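First comes the structure, then the notes that go with it.
In the working numbering, the protein residues as written are 147 to 468.
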């Protein structure tokens, strides 16, 4: 897929909850947020990638705020709202730039209809497709965040008249190759697969009645509380998957530059979903076993009978890729 072929969308963000939340803030809180965000945005200019993201954000009505209550994360994007939060503890150093780039990439993904969401009541139940979709959007966002991290590092070195390491400069000079390498590295990083596997398996295990415990603590100030259903991209359609790799200006596509066999063999496979579920910690063994058994028995195509979910059989996804 050519980079410019990603389809155009007009999205009306639902920012009513954000406006309602902001209306409760004191004038001092609003002034402090503006001050912090101004500092963040000024620092973002040192990264060409993040500068392009900010240009896109401004053109598409993205809102920002500093979350003073969130824990166990650097920031977050709230689906369907166009609202990006940066954790207060990350807003004062270079790590905040990586967070900002990561969450803005999620806003971009949402705008282009690439993020899957089951809403409050599951309506479609192919777990492998759902987990693969989420793994890929996180890998894509991480790639952008890490590229911005490297650009900020290089800019800092140059500002102090220090040389930029040759390997770092080579990566920065080859955007598509750099993003592709970073994207693929996500799937071999146990921290990422465990962090996201823990959350997604618990969240969607609870929706299906397989888990009754607590979700990982996040304590978001602007929580997602909408009954939104989005299918994300079609993991069996090469052209649809490649939409994820387009850059913010629509001029390049790093996924299209990967060898054609890489995605279907290494990522777009039910085995990835099983790895994702299996990344959960020891306390989740019962849950992940139940999720995997349900998927392997191929029963996640729900119907409602007397108000309750009834499992029926559905076909395993096939990927007609070369």
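Every residue, glycine too, gets a C-beta built ideally from N, C-alpha and C.
Note that the coordinates shown come from a computational prediction; the quantities given were computed from them, not determined experimentally.
Could you have a look at residue 233 and say whether DSSP puts it in helix, strand or coil?
As a first step, residue 233 is located in the chain shown; it is residue number 87 there, counting from the start. Residue state, collapsed to three classes: strand.
Straight-line CA distance for residue 366 to residue 211?
Position 220 of the chain shown, counted from the first residue, corresponds to residue 366. Position 65 of the chain shown, counted from the first residue, corresponds to residue 211. Approximately 12 Å between the Cα atoms of the pair.
With DSSP run on the structure shown, which of helix, strand or coil describes residue 386?
Within the chain shown, numbered from 1, the residue matching residue 386 stands at position 240. Of the three classes helix, strand and coil, the one that applies to residue 386 here is helix, per DSSP.
If you count every other CB in all the chains shown that lies within 10 Å of the CB of residue 389, and 16 or more means buried, which is it?
Taking the chain shown and counting its residues from 1, the one referred to as residue 389 is at position 243. So residue 389 counts as buried.
Hey, out of 343, 293, 393, 335, whose CA is closest to residue 319's CA?
One-based indexing of the chain shown puts residue 319 at position 173. Per the Cα distances, 293.
Identify the residues that DSSP records as bridge partners of residue 262: which are they?
In the chain shown, residue 262 corresponds to position 116, counting from 1. 377, per the DSSP bridge assignment.
Grab me the residues of residue 229's own chain with a C-beta within less than 8 Å of its C-beta, minus the 5 sequence neighbours each way, in chain order.
Walking along the chain shown from the start, residue 229 turns up at place 83. Counting only Cβ-Cβ distances below 8 Å, and skipping sequence neighbours, we find 159, 161, 164, 208, 209, 210, 211, 223, 368.
Could you pull out every residue in the same chain whose Cβ sits closer than 6 Å to the Cβ of residue 270, ignoring the five residues on either side in sequence?
Numbered from 1 along the chain shown, position 124 holds the residue referred to as residue 270. Annotation note: pLDDT 45 at residue 270 (below 50); position unreliable, no value reported.
Got a sec? Which residues, its chain only, sit under 6 Å from residue 252 by beta carbon, not counting five neighbours each side?
Numbered from its first residue, the chain shown carries residue 252 at position 106. Counting only Cβ-Cβ distances below 6 Å, and skipping sequence neighbours, we find 223, 287.
Hey, could you find the ends of the alpha helix (DSSP H) residue 182 is sitting in?
Walking along the chain shown from the start, residue 182 turns up at place 36. Start and end: 173-190.
List the DSSP bridge partners of residue 222.
On the chain shown, position 76 is the one that residue 222 refers to. Partner(s): 231.
When the distance is taken between beta carbons, is residue 351 closer than 8 Å to residue 357?
Here the question's residue 357 lines up with position 211 in the chain shown. Here the question's residue 351 lines up with position 205 in the chain shown. It is a contact, given that the beta carbons lie within the stated cut-off.
Is residue 374 near residue 246, with beta carbons less than 8 Å apart?
Sequence index remark: in the chain shown, residue 374 carries index 228 (1-based). Sequence index remark: in the chain shown, residue 246 carries index 100 (1-based). No.
Taking the C-alpha atoms as reference points, what is the distance between residue 394 and residue 255?
On the chain shown, position 248 is the one that residue 394 refers to. On the chain shown, position 109 is the one that residue 255 refers to. Using only the alpha carbons, I get a separation of about 10 Å.
By DSSP, does residue 309 sit in helix, in strand, or in coil?
Counted from its first residue, the chain shown places residue 309 at position 163. The answer is coil: DSSP assigns residue 309 none of H, G, I, E or B.
With H, G and I counted as helix, E and B as strand and the rest as coil, what does DSSP make of residue 217?
Residue 217 sits at position 71 when you count from the first residue of the chain shown. Looking at residue 217 - three-state DSSP - the assignment turns out to be coil, as it is neither helix nor strand.
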